Amino acid sequence: MVDATVDDVAIANLSKNFDTWTTQVQTLIDTVSNLTVTAGDFTEAHTLETLVAKRAGELVKNLTNIKNALMGLSYDINQVAIDYKNTADDTTITASEFDKLTKDVGNNLPGFTKLK
């Protein structure tokens, strides 16, 4: 059997990717939050204005959940990297370390972890 080592630096760098994606999602949230429609003075225009505002709010909520999931994943992956860095025997890191990742995604994106 070949001895394998875990590259904790690569894992830490992976967590930084999630930070980058979090920042990008926040930019989307800011953009959608500032989205406005100026309606004309007729019923359909007001209906459109209301619908756009409603859908923008829904999108902001969903994007915020994605951002929170990415932040949680970044933190958890970084913690795994720290654990591997501070552990002489890489095999002692258990599956429970990775269960946190699933919980973060499941808490912020209900149903996502059940997709197949």
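First residue of the sequence shown: 239, per the working numbering; consecutive thereafter. Cβ coordinates follow ideal geometry from the N, Cα and C atoms, glycine included. Bear in mind that the values here come from a model prediction, so they are computed numbers and not experimental data.
Asked                                                                                         : Found
Cα-Cα separation, Met239 to Asp327                                                            : Model confidence at Met239 stands at a pLDDT of 49, short of 50, so the residue's coordinates are unreliable; what they give is reported in the following sentence. When rounded, the distance between both Cα atoms is 16 Å.
Environment of Ser334 [buried if 16+ CB atoms lie within 10 Å]                                : exposed
Supposed close pair Leu252, Ile304 - CB separation, criterion 8 Å                             : That belief does not hold up - the Cβ atoms of Leu252 and Ile304 are roughly 18 Å apart, past 8 Å.
Cutoff 7 Å; reference Lys338; Cβ partners in own chain excluding five residues on either side : Asp314
Where Gly278 sits in the DSSP three-state scheme                                              : coil
Per-residue DSSP class, three states only, for Thr243                                         : coil
The stretch 270-277 in contact with the stretch 288-301 per 3-pair CB rule at 8 Å             : yes
Expected contact under 8 Å - CB spacing of Asp235 and Ala307 to nearest Å                     : Residue 235 lies beyond the residue range present for the chain, which begins at 239 and ends at 354; the question has no answer from this structure.
Distance CB(Ala250)-CB(Asn316) smaller than 8 Å                                               : yes
Within 8 Å, strictly: CB atoms of Asp246 and Tyr322                                           : yes
C-alpha gap between Lys254 and Ile320, whole angstroms                                        : 13 Å
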